[in-house]
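Per this note's numbering, the sequence shown runs over residues 516 to 693.
The beta carbon of each residue, even a glycine, is placed where N, CA and C say it ideally should be.
All values derive from a computational prediction rather than experimental measurement.
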Amino acid sequence: MTTTHLIVMGVAGCGKSTIAQEIADRLGWSLAEGDELHPQANIDKMSAGTPLTDEDRWPWLDLIVDWTKTQAEQGQSTVVTCSALRRSYRDRLSAAPGKTYFVHLAGTKELLTARMNARKGHFMPPALLDSQLDTLEQLETDELGVVVDIDADVDTIVAVALSELEKLGAINQTTTTN
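And the structure:
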């Protein structure tokens, strides 16, 4: 049986954690919070307001792939949060066994800034939003993924994401087994 991996992606403040949790709950799939897999040095850098470099990100992306690989070996499909800002990062994440699809949560800079300013206790400061938006490479037509507008309530965002993923053949909402 082929496993499926859904990477819920986007810049800081787009709602990756909330949407990924809802999707994982609805599908009954394993969930990993990508931020929890960051090496401490990356967290320290971001907390200090310093953007990560590609060299900082590669080991983190490899840890995510290792986690999805372990889940796939157990026959478990997954949902993972990860900014996945560049095509090269998404290509690296797609190296996990099974099929990898991306759910890009997209919104305006104003909405993202408001969300970041409202959240408490997160290591990513709003000052880094511009660097993330500058780094973001949109999903290309040959990538397996969907773009979902975040200017809606959680249930609507999740419903749109699941509907679009079903159209791609990533999931079957009537049978949410692995």
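Rounded separation between Asp540 and Thr533 - CA only: 11 Å
>> Under DSSP, the alpha helix (DSSP H) around Glu537 begins and ends at which residues?
In response: Lys531 to Leu542
### Query
Expressed to the nearest angstrom, what Euclidean distance is found between the alpha-carbon atoms of Glu551 and Lys682?
Their backbone Cα atoms lie some 31 Å apart in a straight line.
> Sorted by chain position, which residues of the same chain lie with C-beta nearer than 8 Å to Leu644's C-beta, five sequence neighbours on each side aside?
Replying inline: The beta carbon of Leu644 lies closer than 8 Å to those of Val526, Ala527, Gly528, Lys624, Leu627, Thr628 and Met631 in the same chain, with the five residues before and after it left out.
Our contact map puts Leu680 next to Val661 with C-beta atoms below 8 Å; I'd like the distance itself, whole angstroms only.
6 Å
**Classification of Ser609 by the beta-carbon crowding that lies within 10 angstroms, buried from 16 upward** = buried
By alpha-carbon positions, which one of Asp577, Gly543, Ala667 and Ser678 ends up nearest to Ser603? Among Asp577, Gly543, Ala667 and Ser678, the Cα nearest to that of Ser603 belongs to Asp577.
What does the alpha-carbon distance come out to for the pair Gly622 and Ala667? 10 Å
Item to complete: List in chain order: all unbroken alpha helix (DSSP H) runs of 4+ residues lying wholly within the stretch 643–681.
Response: 644–650
Give me the Cα-Cα distance between Met561 and His619, rounded to the nearest whole angstrom. 22 Å
Span separating the alpha-carbon of Lys531 from that of Leu677:
14 Å
May I ask you to list the residues that DSSP assigns as paired with Ala507? Outside the displayed span of the chain (516 to 693) sits residue 507, for which this structure offers no information.
| With respect to the alpha helix (DSSP H) encompassing Ala610, which residues constitute its N-terminal and C-terminal limits? | Unbroken run through Ala610: none, as it is neither H nor E.
*Pull up the CB-CB distance for Gly613 and Ala587, whole angstroms please, since I reckon it's below 8 Å.*
5 Å
With the cut-off set at 8 Å, would you say Thr615 and Ile686 are in Cβ contact? no
Review point. Looking at the structure shown, is Ile558 part of a helix, part of a strand, or coil, going by DSSP?
Key: helix
Alpha carbon of Ala535 to alpha carbon of Arg607, nearest angstrom:
20 Å
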